[in-house]
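Here the structure is laid out as structure tokens; the discussion comes afterwards.
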DNA sequence: TACAGTTGATGACGTACGAAAATCTCGATG
DNA sequence: CATCGAGATTTTCGTACGTCATCAACTGTA
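Chains as they are written, first to last, in UniProt numbering: chain A, 1 to 153; chain B, 1 to 153.
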């Protein structure tokens, strides 16, 4: 195993509270502060932990509409399209995928008008052969990060 | 005005570093530590900030496959299906949507075999009328949280 | 040898609290 | 009717105190 049990527990503890102090983590995991500090540094260096962010409720700040946009794209234009999408800051996730469509993107908008405007603008690109937009009625769960397995000894 | 502005700046600063200290935030925004503390508490109480998490690279811990699963569901079974999906911890996001399908879910798996097993298990539910799975070839961006608008005076 | 823990020293950190400043409220006044 | 201003409310600030993170040198252990 590339990462140890303690690392998994550490990650899981941080998933519960990303601003927890090293001391509280040390107490929770029953190891020393030094150990927590060392392992955390390692996890960050290895890239397992890429950073820390607040979890925002975009609904609460006026972004009420979420949409899933699927695109069929001319093969050689795929990089351009994905770059364009990524640079739209309201695009939360952009995936190149197998299946009926080539790209699936998830975006957040202040209202349906704003959404329509942005999507229409995107679809002017002649390399987009087909598109399909699904508006989210209810986000049952969103961007949930699940806990890592801890093999108990 | 000034009030909302400070909150937006505060959120944006935290998006840059979710573990930034109140002092460093205070310095960056040129207000006192107390002010940062108060506004942060308010943002948390209002639900704008729902918590703090590390951003995990699931690739780095062995979850190499991401899939977008779309389902057509018998109308009255929708709550059951979404509950089931949400309770699958590997489901990152579960949306009820308009369009050809009723549910779009995004999940992460250790390998394609694991993915197939889980999806097949899901599809045994007789209330699922149709399904469509797209495997992610490349996550151009994922769970990006964009910064809030700051109206400059 | 490699990893975890301990100790101690130092500067940074979070929070509580009272004071100061800014803002709002609303009736009185010209 | 518009303006004023005393008092109330809200917001911000500085200070103080106990806690925390970090580093280094050292010990224990498998």
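In this text, a Cβ means the ideal position worked out from N, Cα and C, and glycines have one as well. Only a predicted model underlies this, so the values are computations on that prediction, with no experimental measurement involved.
query: Would residue 55 of chain A pass as a contact of residue 53 of chain B if the rule is Cβ separation under 8 Å?
result: Looking up residue 55 of chain A in the first chain gives position 55. Looking up residue 53 of chain B in the second chain gives position 53. Cβ distance < 8 Å, so residue 55 of chain A and residue 53 of chain B count as in contact.
- prompt: Does the distance from the CB of residue 93 of chain A to the CB of residue 81 of chain A come in under 8 Å?
  reply: Here residue 93 of chain A corresponds to residue number 93 of the first chain, with the count starting at 1. Here residue 81 of chain A corresponds to residue number 81 of the first chain, with the count starting at 1. If you check the CB distance, residue 93 of chain A and residue 81 of chain A do not come in under 8 Å.
- request: Could you list which residues in chain B have their beta carbon closer than 7 Å to that of residue 146 of chain A, in chain order?
  value: Stepping through the first chain from its first residue, residue 146 of chain A is reached at position 146. 89 and 90, listed in chain order.
task: Determine, using beta carbons only, whether residue 26 of chain A comes closer than 8 Å to chain B.
output: Locating residue 26 of chain A in the first chain gives position 26, where the first residue counts as 1. Using a Cβ-Cβ cut-off of 8 Å, residue 26 of chain A does not count as an interface residue toward chain B, since no Cβ of chain B sits closer than that to its own.
message: Between residue 39 of chain B and residue 10 of chain B, how many whole angstroms is the CB-CB distance? I'm expecting something under 8 Å.
response: Translated into the one-based positions of the second chain, residue 39 of chain B becomes position 39. Translated into the one-based positions of the second chain, residue 10 of chain B becomes position 10. Contact between residue 39 of chain B and residue 10 of chain B holds: CB atoms are separated by about 6 Å, below the 8 Å threshold.
message: Give me, in chain order, the residues of the same chain whose beta-carbon lies closer than 6 Å to that of residue 132 of chain A; leave out the 5 immediate sequence neighbours on both sides.
response: On the first chain, position 132 is the one that residue 132 of chain A refers to. 70.
message: Whole angstroms are fine: how far does the CA of residue 21 of chain B sit from the CA of residue 33 of chain B?
response: By 1-based counting over the second chain, the position of residue 33 of chain B is 33. By 1-based counting over the second chain, the position of residue 21 of chain B is 21. Each residue's alpha carbon lies about 9 Å from the other.
task: Measure the C-alpha to C-alpha separation of residue 91 of chain B and residue 148 of chain A and round it to an integer number of angstroms.
output: Within the second chain, the letter at position 91 stands for residue 91 of chain B. Within the first chain, the letter at position 148 stands for residue 148 of chain A. Their Cα atoms are separated by approximately 13 Å.
- prompt: According to the Cβ coordinates, are residue 28 of chain B and residue 13 of chain B closer than 8 Å?
  reply: The sequence position of residue 28 of chain B within the second chain is 28, counting from 1. The sequence position of residue 13 of chain B within the second chain is 13, counting from 1. Cβ distance < 8 Å, so residue 28 of chain B and residue 13 of chain B count as in contact.
- request: Could you spell out the range, first to last residue, of the alpha helix (DSSP H) harbouring residue 45 of chain A?
  value: Mapped onto the first chain, residue 45 of chain A falls at position 45. Counting along the chain, residue 45 of chain A sits inside the alpha helix (DSSP H) bounded by residues 33–46.
task: Taking the CB atoms as reference points, tell me whether residue 97 of chain B and residue 134 of chain A lie closer together than 8 Å.
output: Residue mapping note: residue 97 of chain B aligns to position 97 of the second chain, counting from 1. Residue mapping note: residue 134 of chain A aligns to position 134 of the first chain, counting from 1. Yes, these two residues count as a Cβ contact at 8 Å.
- request: Spatial neighbours of residue 49 of chain A within its chain, please: CB distance less than 8 Å, with the 5 preceding and 5 following residues excluded, ordered by chain position.
  value: Position 49 of the first chain holds residue 49 of chain A. Closer than 8 Å at Cβ, skipping near neighbours: 11, 14, 40 and 43.
- prompt: With which residues is residue 105 of chain B paired in a DSSP beta bridge?
  reply: Along the second chain, one-based indexing puts residue 105 of chain B at 105. Partner residues in the beta bridge of residue 105 of chain B, as assigned by DSSP, are B:69 and B:94.
field: Euclidean distance between Cα positions of residue 3 of chain A and residue 118 of chain A
entry: What you label residue 3 of chain A is simply residue 3 of the first chain in a count that begins at 1. What you label residue 118 of chain A is simply residue 118 of the first chain in a count that begins at 1. In this predicted model, residue 3 of chain A has a pLDDT of only 41, less than 50, meaning its place in the structure is not dependable; the value taken from the coordinates is given anyway. Taking the straight line joining both Cα atoms gives about 43 Å.
- prompt: Can you give the Cα-Cα distance for residue 25 of chain B and residue 19 of chain A, rounded to whole angstroms?
  reply: Within the second chain, residue 25 of chain B is the residue found at index 25, counting from 1. Within the first chain, residue 19 of chain A is the residue found at index 19, counting from 1. When only Cα atoms are considered, residue 25 of chain B and residue 19 of chain A end up about 14 Å apart.
task: Please classify residue 158 of chain B: does DSSP put it in a helix, a strand, or coil?
output: Since the first and last residues shown for chain B are 1 and 153, residue 158 of chain B lies out of range.
- prompt: Name the residues in the UniProt domain "HTH asnC-type" (3–64) of chain B whose C-beta lies less than 7 Å from a C-beta of chain A; which are they?
  reply: Those would be 11, 14, 15, 17, 18, 19, 46, 47, 48, 49, 50, 51, 52, 53, 54, 55, 56, 57, 60 and 61, in chain order.
query: When the Cα atoms are used, what is the spatial distance from residue 124 of chain B to residue 16 of chain B?
result: For the purposes of this step, residue 124 of chain B is identified with residue 124 of the second chain, where counting begins at 1. For the purposes of this step, residue 16 of chain B is identified with residue 16 of the second chain, where counting begins at 1. Computed Cα separation, rounded: 43 Å.
task: Compare the C-beta of residue 131 of chain A against all C-beta atoms of chain B and say whether one is closer than 8 Å.
output: Translated into positions along the first chain, residue 131 of chain A becomes position 131. Look at residue 131 of chain A: its C-beta is not under 8 Å from any C-beta on chain B.
field: Unbroken beta strand (DSSP E) run spanning residue 214 of chain A, endpoints
entry: As displayed, chain A neither begins before 1 nor continues past 153, which places residue 214 of chain A out of reach and without an answer.
field: With 16 other Cβ atoms within 10 Å as the buried cut-off, status of residue 120 of chain A
entry: One-based indexing of the first chain puts residue 120 of chain A at position 120. Exposed, by the Cβ-count rule.
- request: Report all residues from its chain with a CB closer than 8 Å to the CB of residue 35 of chain A; omit the five preceding and five following residues, and keep chain order.
  value: Taking the first chain and counting its residues from 1, one reaches residue 35 of chain A at position 35. Closer than 8 Å at the Cβ level, and outside the excluded window around residue 35 of chain A, lie 6 and 26.
query: Cβ atoms of residue 68 of chain A and residue 104 of chain B: under 8 Å apart, would you say?
result: Taking the first residue of the second chain as 1, we reach residue 104 of chain B at position 104. Taking the first residue of the first chain as 1, we reach residue 68 of chain A at position 68. In this structure, residue 68 of chain A lies closer than 8 Å to residue 104 of chain B by Cβ.
task: Under 6 Å Cβ to Cβ from residue 129 of chain B, same chain only, skipping five residues before and after it: list those, please.
output: Within the second chain, the letter at position 129 stands for residue 129 of chain B. Closer than 6 Å at Cβ, skipping near neighbours: 72.
message: Let me make sure I understand the geometry here. Which of B:108, B:78 and B:99 has the alpha-carbon closest to that of residue 139 of chain B?
response: Here residue 139 of chain B refers to the residue found at position 139 when the second chain is read from its first residue. The residue from B:108, B:78 and B:99 with its alpha-carbon nearest to that of residue 139 of chain B is B:108.
- prompt: Does the beta carbon of residue 123 of chain A sit closer than 8 Å to a beta carbon anywhere in chain B?
  reply: Locating residue 123 of chain A in the first chain gives position 123, where the first residue counts as 1. Chain B contact via Cβ: absent.
query: Residues bridged to residue 56 of chain A by DSSP?
result: Locating residue 56 of chain A in the first chain gives position 56, counting from the first residue. According to DSSP, which records beta bridges pairwise, residue 56 of chain A is partnered with B:49.
Interfacial residues, the stretch 68–84 of chain B to chain A, with Cβ spacing under 7 Å: The stretch 68–84 of chain B vs chain A, Cβ under 7 Å: 68 and 82.
- request: Specify the secondary structure class of residue 28 of chain B as computed by DSSP and reduced to three states.
  value: Taking the second chain and counting its residues from 1, one reaches residue 28 of chain B at position 28. Residue 28 of chain B: helix per DSSP, three-state reduction.
query: Does residue 138 of chain B have its Cβ less than 8 Å from a Cβ in chain A?
result: Sequence index remark: in the second chain, residue 138 of chain B carries index 138 (1-based). Closer than 8 Å to some Cβ of chain A, the Cβ of residue 138 of chain B qualifies, so yes.
Where residue 120 of chain B sits in the DSSP three-state scheme: Position 120 of the second chain, counted from the first residue, corresponds to residue 120 of chain B. The answer is helix: DSSP assigns residue 120 of chain B an H, G or I state.
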